[in-house]
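Residue numbers (our numbering), protein chains in the order written: chain D, 1 to 359; chain F, 1 to 325. See structure below.
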């Protein structure tokens, strides 16, 4: 098991290298001059020359790649051109927001999707089944940006001044701020060490931070701000998971070993819980891993709609500004997250299926 | 001889739903009026082609389907109309061994849990008692005790069917239904499983209902044979008599289809014309008449009833009238 995980991580190394090279080349093949994009159309030739030299864009692309790669191996993603700050620092500030959003959406989508799928399969061809599946088809057809705008309009505007009102933008209300847990606990952080970066990263997960410091006002405020974005983002994966769970469970419920379980005299609830569900979850887990890609790209749209300062919006803005270091840094980070999640998915197969365990 | 299981007029129909609103458009008559006694310690063989209702009858007996009509008595007590608790007590005395040992075990559970689950439903014993019981049963069916914590995919087909038998035996049943237990296995392994079942029957004084479409297997294990056609019993006879002097034209056709290792006899086969009729709209009169070489006008109008003839019972106008042409 451990050996398998390590082997998978080793395989991930060339994958990440490939991603680094591809994003590096692709970022530079976006038409447009970073100088003009950054300094404006009216920048003079001399200014642009100085700009290009300063950021090394006059070097051959292979040399640029070599310098970039050797920096990345030292854990340095370079400085953002636009903000003149390290990309790592920007990631520490912005990535927790996206993780919070994607993770909550994944949890909501999984629990709601699996539950709906089970209901639909247990009551096959009933009104509940038909309703659930129509709902799932509608859910899967709604674009994230449209659904996000509708939710923001309904709960942020129509329900204004009622108890159903939910904040349509931002992470925290004005006047409420999240105090990092290391400050609450009075820890002294060494400046610029990897460990303090990590702690800062953790403290930017506002909901987590508020939980560990028992700061309930901040916790509730952060949760309320997350409800609409999470709903918007979770709808598509939830519908996909519900449909997958239903068809997979229906298939398993017709299998011979389920008939065996019924013949033993098990209650139908136990038949589903003990025999059918575990076996039906294999394809669902596969879908789960794939949906995470959809969640990350959906997060870009969701963050734009709900005015959240996450890594998705950072990426979009960086692409418009031709801010190469940010584009590369963000893409690689997302790729790492994707690789790790899929590794976890593959490891969970061996928990679900003993046939995979022994290989 | 006292009958352990008395099957009285069992019928099972399934509704056929069609169209946009899934209205009931007819019924599949899977089992049509089966009445038979099975004596303690004997084996009743049940034969018939695919779709004749063999497995449906088995599922009714084991409680997977409620019958549409009829009654089943076990040890003289009716078990279908009995109260829920009584049903559970009797249910453990009737066990079933399923057809396909590859798919009838949950791939996610180690086999001892699949085997012991029947006992744990009845809340019998703690984990260590269950574990010991499983060890004993595994030994009884000829598997090493250390097989208990392995998974189904680690066993061969024959071993898995032994696991299926172990699963049935752990409940100390008096009556075991074997629903084509060997048809998914290699011929050499089939013999092992058949001999295992015979040995267990003698050791534990079991009563068996043995379902198969393989006549050679039935001949090997059965004391009495029941032949079904399109959901109804057409002939019941002691095994020796049925194989030596079959009465019903369908039984004769079935027997003549058994491969014989003699090319000279090949020409004497009775070939049945036509297809098996639909159980949704069975033919009027005798359901076998469209394919029967002896059918006459009476067969087309009047459904024959099962009537005793010597040691056997047969449902055929031609046999009753003594017609042979």
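Ideal Cβ placement from N, Cα and C applies to all residues, glycine included.
Residues of the region 107 to 121 of chain F that bring their beta carbon within less than 7 angstroms of a beta carbon in chain D comprise 107, 108, 117, 118, 121, in sequence order. Within the same chain, and ignoring the five residues on either side of residue 176 of chain D in sequence, the residues whose Cβ sits closer than 8 angstroms to its Cβ are 217, 218, 221. In terms of CA proximity to residue 60 of chain F, F:79 leads the group F:79, F:48, F:110. Among the residues of chain D, those whose CB is under 8 angstroms from the CB of residue 100 of chain F are 256, following chain order. Residue pairing of residue 178 of chain F in beta bridges, as defined by DSSP: F:97, F:210. Against chain F, the beta carbon of residue 263 of chain D has neighbours under 7 angstroms at 62, 64, 96, listed in chain order. When the beta-carbon positions are compared, residue 149 of chain D and residue 230 of chain D stay at least 8 angstroms from each other. Note that the region 107 to 126 of chain D does not touch the region 202 to 218 of chain D; fewer than 3 beta-carbon pairs, one per stretch, sit closer than 8 angstroms.
For residue 37 of chain F, the enclosing beta strand (DSSP E) starts and ends at 23 to 39. Per DSSP, reduced to three states, the secondary structure at residue 323 of chain D is coil, with no helix or strand assignment.
According to the DSSP secondary-structure assignment, residue 13 of chain F is paired through a beta bridge with F:29. Counting C-beta pairs closer than 8 angstroms gives fewer than three between the region 19 to 37 of chain F and the region 178 to 197 of chain F, which falls short of the contact rule. Remark: three or more beta-carbon pairs, one from each stretch, lie closer than 8 angstroms, so the region 327 to 340 of chain D and the region 286 to 305 of chain D are flagged as touching. For secondary structure counted as the alpha helix (DSSP H) over 4 or more consecutive residues, the region 216 to 257 of chain F holds these complete runs in sequence order: 239 to 244, 249 to 256. For residue 159 of chain D, the CB contacts under 6 angstroms within the same chain, skipping 5 residues up- and downstream, are 165 in chain order. Taking each of F:276, F:165, F:9 in turn and checking the Cα distance to residue 71 of chain F, the smallest one comes out for F:9.
If you look at residue 74 of chain F, you'll find it in the beta strand (DSSP E) that goes 69 to 74.
Take the alpha-carbon of residue 111 of chain F and the one of residue 105 of chain F: they are about 8 angstroms apart. Taken through DSSP and simplified to helix, strand or coil, residue 60 of chain F comes out as helix. The three-state reading of DSSP puts residue 173 of chain F in coil, since its state is none of H, G, I, E or B.
Taking 7 angstroms as the Cβ-Cβ cut-off, the region 218 to 242 of chain D has no residue approaching chain F. Within the region 273 to 287 of chain D, the residues whose Cβ lies closer than 7 angstroms to any Cβ of chain F are, in chain order, 275, 278, 279. Secondary structure of residue 179 of chain D (DSSP, three-state): coil.
Apart from the 5 residues on each side of it in sequence, residue 52 of chain D sits with its Cβ closer than 7 angstroms to the Cβ of 35, 58 in its chain, given in chain order. Between residue 232 of chain D and residue 313 of chain D, the alpha-carbon positions lie close to 16 angstroms from each other. Among the residues facing chain D, residue 104 of chain F is included, as its CB has a counterpart in that chain under 8 angstroms away.
Of all residues in the region 155 to 173 of chain F, none comes within less than 7 angstroms of chain D when Cβ atoms are compared. Taken through DSSP and simplified to helix, strand or coil, residue 314 of chain F comes out as strand.
With distances taken between CA atoms, residue 14 of chain F lies nearest to F:53 out of F:53, F:6, F:48.
Contact between residue 288 of chain D and residue 110 of chain D is confirmed by a C-beta separation of about 6 angstroms, below the 8 angstroms threshold.
For residue 197 of chain D, the enclosing alpha helix (DSSP H) has its first and last residue at 194 to 203.
Counting only Cβ-Cβ distances below 8 angstroms, residue 266 of chain D has contacts in chain F at 117, 121, in chain order.
Under the Cβ criterion of 8 angstroms, residue 232 of chain F is not counted among the residues facing chain D.
Using a Cβ-Cβ cut-off of 8 angstroms, residue 260 of chain D counts as an interface residue toward chain F, since at least one Cβ of chain F sits closer than that to its own. Taking 8 angstroms as the threshold, the shortest C-beta distance from residue 153 of chain F to chain D falls below it. At a beta-carbon threshold of 9 angstroms, the residues of chain D lying near residue 22 of chain F are 125, ordered along the chain.
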